[in-house]
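*Asks:* Taking the working numbering, the leading residue of the sequence shown gets 1454, the next gets one more, and so forth. Beta carbons: idealized from backbone N, C-alpha and C, even for Gly. In this text, all values refer to a predicted model and were calculated from it rather than measured experimentally.
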Amino acid sequence: MHDIWNPWHGCKKISEGCKNCYMFYLDYVRANKDGSVIYKTKGFNYPLSKDRYGNYKVKSGEMIRVCMNSDFFLEEADIWRDDAWRIMKIRSDVKFFLLTKRPERVLKCLPLDWGDGYDNVFFNVTCENQMRADERIPILLELSFKHKGIMCAPFIGRVSIEKYLESGKIEQVICGGENYGGARECNFDWVKLLREECVKYNVRFCFIETGTKFIKDNRLYTINSKRLQSKMAYRSLVNYRGRDIIFKLKDGYGREIDDKYLYKPHYRDNCVECGSRLVCNGCSDCGKCKGKIVDI
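(1) What's the gap between the Cα of residue 1537 and the Cα of residue 1552?
(2) Could you check the C-alpha separation between residue 1588 and residue 1508 for me, to the nearest Å?
(3) Spatial neighbours of residue 1609 within its chain, please: CB distance less than 8 Å, with the 5 preceding and 5 following residues excluded, ordered by chain position.
(4) For residue 1559, does the count of other Cβ atoms within 10 angstroms reach 16, so buried, or fall short, so exposed?
(5) Let me make sure I understand the geometry here. Which of 1465, 1523, 1687 and 1473 has the alpha-carbon closest to that of residue 1641?
(6) Flag this pair as touching only if the region 1656-1672 and the region 1707-1722 have three or more C-beta atom pairs under 8 Å; answer yes or no.
(7) Looking at the structure shown, is residue 1723 part of a helix, part of a strand, or coil, going by DSSP?
(8) Expressed to the nearest angstrom, what Euclidean distance is found between the alpha-carbon atoms of residue 1595 and residue 1456?
(9) What separation, rounded to the nearest whole angstrom, lies between the Cα atoms of residue 1515 and residue 1734?
(10) Quick one: is residue 1617 buried, meaning 16 or more other Cβ sit within 10 Å of its Cβ, or exposed?
(11) Do you know how far the Cα of residue 1677 is from the Cα of residue 1635?
(12) Could you confirm whether any beta carbon from chain D is found closer than 8 Å to the beta carbon of residue 1723?
(13) Pairs of beta-carbons, one from the region 1525-1540 and one from the region 1554-1569, closer than 8 Å: are there three or more?
(14) Buried or exposed: residue 1498, going by 16 or more other Cβ atoms within 10 Å of its Cβ?
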């Protein structure tokens, strides 16, 4: 996928949300690999890759999700992280979405020139249940990042975050159910509670997928297709745009880039009912999809 950068692969399980981790599952099923083996990937320099004309393949203004097969603040990755920060600094014209279950490690892992944060880094913590929300979000609020968000995925327990949204520091909340082997139930009542709290504080909210086991109106549904999970999340009509999230992206000379020169996501007709569209980087034009480009 064009919106994912995995500078390293592999992780260590540390909390309830890790129990049925998709990375461990897919590594084993697809390649009989052990997901706990951590290594630097061949795509480490992906954000710096260029086409034959010398232009960056990742366009100015794109949102790149980092370490979706690991954790950016994993202790075993300390030896590579400074180089990853350097790449994010070079690509100050690109938005980098960081997600961690280890916010307690962040302060010691920031680059020396961090100051009050890079304008192009969007820092998020995972909160799979109330205990982890109360453990991780207070740390999130204290850290020096320009952009902060919360991801309740896998969403395996009721979570209330109103007392944290009151701070005005949270710009986005994402939630989604669990998939693959041993998937635990996601309850639509939990989703609606999060949504209500986000609407109250005008914070962007996105329900990306139901998960395999989904409870609605006290009825349990089993939805094995991830595409259908996403469609059902969209059709629940709970996604909420909230206030704009404004990144001050800069070119290689440190000059702020006018919005008209930044990448604008486009979509195809099979994206119309996608739960992730509100937070999606848009179509990568990979050629695998037959859908027509549409105005959404």
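*Replies:* Taking the definition as stated:
(1) Indexing the sequence shown from 1 puts residue 1537 at position 84. Indexing the sequence shown from 1 puts residue 1552 at position 99. Their backbone Cα atoms lie some 14 Å apart in a straight line.
(2) On the sequence shown, residue 1588 is found 135 positions in, with the first residue counted as 1. On the sequence shown, residue 1508 is found 55 positions in, with the first residue counted as 1. Their backbone Cα atoms lie some 43 Å apart in a straight line.
(3) Within the sequence shown, residue 1609 is the residue found at index 156, counting from 1. Sequence-distant partners of residue 1609 (beyond 5 residues in either direction) whose C-beta falls short of 8 Å from its own C-beta, in its chain, are 1469, 1470, 1581, 1582, 1631, 1637, 1638 and 1639.
(4) What you label residue 1559 is simply residue 106 of the sequence shown in a count that begins at 1. So residue 1559 ends up on the buried side.
(5) One-based indexing of the sequence shown puts residue 1641 at position 188. By alpha-carbon distance to residue 1641, the top candidate from 1465, 1523, 1687 and 1473 is 1687.
(6) Look at the beta carbons and you see the region 1656-1672 not touching the region 1707-1722: under three pairs across the two are nearer than 8 Å.
(7) For the purposes of this step, residue 1723 is taken as residue 270 along the sequence shown, with counting starting at 1. It is helical.
(8) What you label residue 1595 is simply residue 142 of the sequence shown in a count that begins at 1. What you label residue 1456 is simply residue 3 of the sequence shown in a count that begins at 1. The straight-line gap from Cα to Cα measures roughly 28 Å.
(9) Within the sequence shown, the letter at position 62 stands for residue 1515. Within the sequence shown, the letter at position 281 stands for residue 1734. Our two residues, residue 1515 and residue 1734, have alpha carbons roughly 6 Å apart in a direct line.
(10) Mapped onto the sequence shown, residue 1617 falls at position 164. Residue burial annotation: residue 1617 is buried, with at least 16 other C-beta atoms found within 10 angstroms of its C-beta.
(11) Counting from 1 along the sequence shown, the entry for residue 1635 is found at position 182. Counting from 1 along the sequence shown, the entry for residue 1677 is found at position 224. Their backbone Cα atoms lie some 12 Å apart in a straight line.
(12) Absence of chain D from the displayed structure is noted, only one protein chain being present.
(13) Counting C-beta pairs closer than 8 Å gives three or more between the region 1525-1540 and the region 1554-1569, which meets the contact rule.
(14) Along the sequence shown, read from residue 1 onward, the residue named residue 1498 stands at position 45. Exposed, by the Cβ-count rule.
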